[in-house]
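Residue numbers (our numbering), protein chains in the order written: chain H, 26 to 83; chain X, 4 to 159. From the three backbone atoms N, C-alpha and C, an ideal C-beta is built for every residue, glycine too. Only one structure is covered here, and it is reproduced in the block below.
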Amino acid sequence: MPEVIELTREEGAALLDEAAQRKLGISGDEFLCLHDAGKLDLEDQRVLDVEILIPFAR
Amino acid sequence: MPGSSPTEEVNRFLEALQLAASCLATTPFVVSHDARTVLGRTHSVATRRPITLRRKPLPDGEGGRSDLRLNLALEYEIVERDDVPRSERYKVSTRRYQHHLLDAEDGEVLLFHWHPTTGKASPHLHISSPGAGSPYTRRAHVPTGRVTVEAVVRLP
């Protein structure tokens with residue numbers, strides 16, 4: 026069966042950062058800032074693709 | 004089925020995902036830190052990389068490797084219930100999912116979504132390339148019921 030790997034907070038932040046860079050061209054920290062400020066377009070699929078990864082970084 | 008400890012219940016939940024995906028590949032899942040123990044917080048589980056789907060060869064020799072890939076991601080919470088037997092005290096409650104069927108270049112094909120706290124509240128589907136004359140655009144939210152991982156891995 027596929028393995029389940031629990032990431033550390035740091036590894037999770039790296040995962041979020043990689044996705045934010047690839048999808049939106051911004052850092053994970055910048056994404057979190059914009060998300061918390063309510064400044065992201067939640068109709069944008071790329072934003073949703075990164076948003077679901079937030080728990081990995083917090 | 005609920006469990007008697009958070010870890011037990013989360014492991015049961017994750018094993019169900021592993022079993023569903025095992026018919027396709029051994030691509031690992033990743034979970035967020037403390038995902039098996041902390042209550043009252045949203046956790047995430049996702050495929051580490053897209054799962055390459057493989058078609059079984061047809062009897063006449065056609066078929067073989069599929070050019071489709073599958074990305075799975077879910078958010079969940081561990082819920083504690085006081086009004087049930089101890090063996091059923093903890094339950095994993097899915098809060099959100101994104102199941103994405105992709106082509107070989109990671110282009111979107113079908114996107115199954117449920118994100119009740121963000122935008123469209125009910126489960127829905129996005130069709131990436133609707134055919135000519137289709138009433139749906141890529142942005143349309145086509146209503147579906149809840150789509151489980153077990154269902155989406157059977158798609159191809």
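| query | result |
| --- | --- |
| Figure out for me which residue from X:Ala76, X:Ala38, X:Thr147 and X:Tyr100 has the closest Cα to the Cα of proline 53 of chain X. | X:Ala76 |
| Under 7 angstroms: does the beta carbon of cysteine 26 of chain X sit that close to some heavy atom of the ligand MN? | For the structure depicted, the ligand MN is absent and the ligand set is empty, with no information on it obtainable. |
| List in chain order: all unbroken beta strand (DSSP E) runs of 3+ residues lying wholly within the segment 56-121 of chain X. | 68-83, 93-105 and 111-117 |
| When the cut-off is 8 angstroms and only beta carbons count, does proline 31 of chain X lie next to chain H? | yes |
| Is it buried or exposed for alanine 44 of chain H, if we count other Cβ within 10 angstroms and need 16 for buried? | buried |
| Across which residues does DSSP place isoleucine 30 of chain H in a beta bridge pair? | X:Val33 |
| Quick check on this structure: which residue in X:Val145, X:Cys26, X:Arg149 and X:Thr140 has the alpha carbon closest to the alpha carbon of threonine 97 of chain X? | X:Arg149 |
| Assuming alanine 24 of chain X and valine 156 of chain X form a contact by the criterion Cβ under 8 angstroms, report the distance between their Cβ atoms to the nearest whole angstrom. | 6 angstroms |
| Can you pull the chain X residues whose beta carbon is under 9 angstroms from the beta carbon of leucine 59 of chain H, in chain order? | Near leucine 59 of chain H there are no residues of chain X at all, since even the closest Cβ is about 14 angstroms away, more than 9 angstroms. |
| Within 8 angstroms (strictly less), CB to CB, does phenylalanine 81 of chain H reach chain X? | yes |
| With a threshold of 8 angstroms between beta-carbons, can arginine 84 of chain X be considered close to chain H, or not? | no |
| Are the C-beta of alanine 19 of chain X and some C-beta of chain H separated by less than 8 angstroms? | no |
| List, in order along the chain, the chain X residues whose C-beta lies closer than 8 angstroms to that of glutamate 68 of chain H? | Gly122 and Arg142 |
| Which of the three DSSP states, helix, strand or coil, is assigned to proline 126 of chain X? | coil |
| Is it a yes or a no for the segment 26-42 of chain X touching the segment 59-73 of chain H, going by three-plus beta-carbon pairs under 8 angstroms? | no |
| Among X:His127, X:Pro138, X:Ala135 and X:Ala154, which residue has its Cα nearest to the Cα of valine 145 of chain X? | X:His127 |
| Which residue or residues does DSSP assign as beta-bridge partners of proline 146 of chain X? | X:His127 |
| For valine 156 of chain X, which of helix, strand or coil comes out of DSSP? | coil |
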